[in-house]
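Peer 1: Residues 264 to 465 (our numbering) make up the sequence shown, in order. For every residue, glycine included, the Cβ atom is placed at its ideal position computed from N, Cα and C.
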Amino acid sequence: MSDITELERRITAALDRIGTGLDGLEAPAPAGPDPAEMQNSLDIAAARVEELEKELSDLKAASADMEALKQSLSDEKLANAQLEERMKSVRDTADRHASAMDIQALEQQKATAKLDSDLQRLRRAAEDLRASNLSLRNAMQDGLREPHLINKAMLAELETLRATRAVEMAQADAVLAALDPLVKRAAQETAKAADQKEGSDA
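If you want it as structure tokens, here you go:
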């Protein structure tokens with residue numbers, strides 16, 4: 264009998280320990296995901312990472328291209344500004360040359376007009392001289408000695424000489440008027456070349 268009591272006590276103690284042990288155990292973990300699904304998800308994630316890396320690489324390349332384009336645009340703006348400055352300088356120079364050429368043309372017109380006037384005067388004097396010489400010749404043939412005809416012929420010859428001299432002066436003035444701008448331009452170019460040489464030597 265004492266053996267049965269002892270066995271009951273031991274069985275109860277064992278059951279108590281089992282109960283206590285079961286209480287201490289956690290609930291079983293739920294079953295994990297299917298390995299095939301996990302591999303599929305990992306493959307999709309890896310593919311997405313590759314796509315993102317490619318997009319990032321494309322963005323970096325596009326950013327580099329954008330920087331190059333910005334630099335090209337900046338260079339073009341600078342070149343355009345320099346070109347506009349040069350064009351302005353060329354326009355100013357052209358305007359100055361046009362004004363100088365207008366003045367030169369006006370001076371040449373005046374010189375030509377004076378030359379034409381002097382040539383007309385020379386023609387009239389030559390005609391007067393011819394007429395006086397003809398009258399003097401006729402008077403000499405008729406045996407007349409008319410002092411006023413000799414005076415008239417001498418005056419006509421003197422006027423012819425004066426007119427010839429005026430024509431020569433007008434021609435010289437016309438040549439000088441044509442040469443003056445060339446001389447001035449040559450002087451300006453010489454001065455400009457000297458300034459450039461001084462600048463390069465400095």
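1) Using CA coordinates, which residue listed in GLN302, GLU390, LEU412 is at the minimum distance from LEU399?
2) Distance check for THR453 and ASP464, CA to CA, integer angstroms please.
3) DSSP state of ARG387, grouped into three classes?
4) Counting along the chain, where does the alpha helix (DSSP H) carrying ARG408 start and finish?
5) Please report the distance separating the alpha-carbon of GLU328 from that of VAL446.
6) How many Å lie between GLN434 and MET403 at the Cα?
7) Does the Cβ of VAL430 have 16 or more other Cβ atoms within 10 Å, making it buried, or fewer, making it exposed?
8) Using a threshold of 8 Å, state whether the C-beta atoms of LEU385 and THR423 are closer than that.
9) Considering only their Cβ atoms, is the gap separating ALA374 from ASP458 smaller than 8 Å?
10) Can the beta-carbon of SER380 be found less than 8 Å from the beta-carbon of ALA419?
11) Would you kindly check if the distance between the Cβ of ALA426 and the Cβ of ALA376 is under 8 Å?
12) So, with DSSP's three-state summary, where would you put ASP297?
13) Out of ASP391, GLU330, LYS415, ALA368, which has the shortest C-alpha to C-alpha gap to ASP443?
Peer 2: Result, derived from the coordinates:
1) LEU412
2) 16 Å
3) Three-state result, ARG387: helix.
4) Element bounds for ARG408: n/a, residue is neither H nor E.
5) The identity of residue 328 in the sequence shown is Asp, whereas the question assumes Glu. Using only the alpha carbons, I get a separation of about 55 Å.
6) 38 Å
7) Under this definition VAL430 is a buried residue.
8) In contact: LEU385 and THR423 (Cβ atoms closer than 8 Å).
9) With respect to the 8 Å criterion, ASP458 and ALA374 are not classified as neighbours on the basis of their beta carbons.
10) Between SER380 and ALA419, the gap from beta carbon to beta carbon reaches 8 Å or more.
11) Annotated as distal: ALA376 and ALA426, with beta-carbon spacing of 8 Å or more.
12) Residue state for ASP297 is assigned as coil, using DSSP reduced to three classes.
13) ALA368
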